[in-house]
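Below is one structure; the comments refer to it alone.
Right under this line is the structure:
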């Protein structure tokens with residue numbers, strides 16, 4: 001990412017991989033940190049010093065919000081209860097390969113059921129094309145949820 005950014009030595013790289021892979025496990029529940037964890041996981045092969053600094057910053061953030069959580073308030077679910085899928089994309093978000101990144105939230109009434117951040121494998125040429133691919137991914141996940149329900 002940076003011109004003079006050096007790779008981590010073997011011991012620090014091993015620790016970096018261990019911490020990032022440990023964060024992948026609870027990433028589905030760490031909604032505010034999903035994008036950061038995804039970005040750090042793209043550099044597992046050859047982590048740099050800047051990657052280590054960003055990992056330290058993320059871990060410091062997670063220690064401050066460790067007691068935060070989602071609260072589901074009681075709500076009356078009648079015939080008006082709906083399932084909503086929301087998507088958003090960032091065109092050419094990755095500085096390394098210029099690929100887009102999207103996020104997806106599935107809500108039932110006002111309760112968040114599922115959240116994820118994903119990379120769009122195709123290199124898109126515009127923000128509209130990126131939004132199209134993000135929307136298609138959202139529709140696919142919504143149809144899957146509909147089949148499950």
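Residue numbers (the numbering used here): 1 to 149.
Quick reminder that beta carbons are idealized off the backbone N, C-alpha and C, glycines included.
Predicted, not measured: the structure shown is a model, and the values here were computed from it.
Collapsing the DSSP output to three states places residue 132 in a helix. Under the three-state reduction of DSSP, residue 37 is assigned to helix. The alpha helix (DSSP H) runs of length 4 or more contained entirely in the segment 46–92 are, from start to end of the chain, 49–64. Exposure of residue 114 is indicated by the presence of fewer than 16 other C-beta atoms within 10 angstroms of its C-beta. Straight-line measurement puts the Cα of residue 102 at about 13 Å from the Cα of residue 123. Annotated three-state conformation of residue 106 is strand, per DSSP. By the beta-carbon neighbour count (other beta carbons within 10 angstroms, threshold 16), residue 11 is exposed. Contact between residue 36 and residue 88 does not hold, since the beta-carbon distance rounds to 16 Å and is not under 8 Å.
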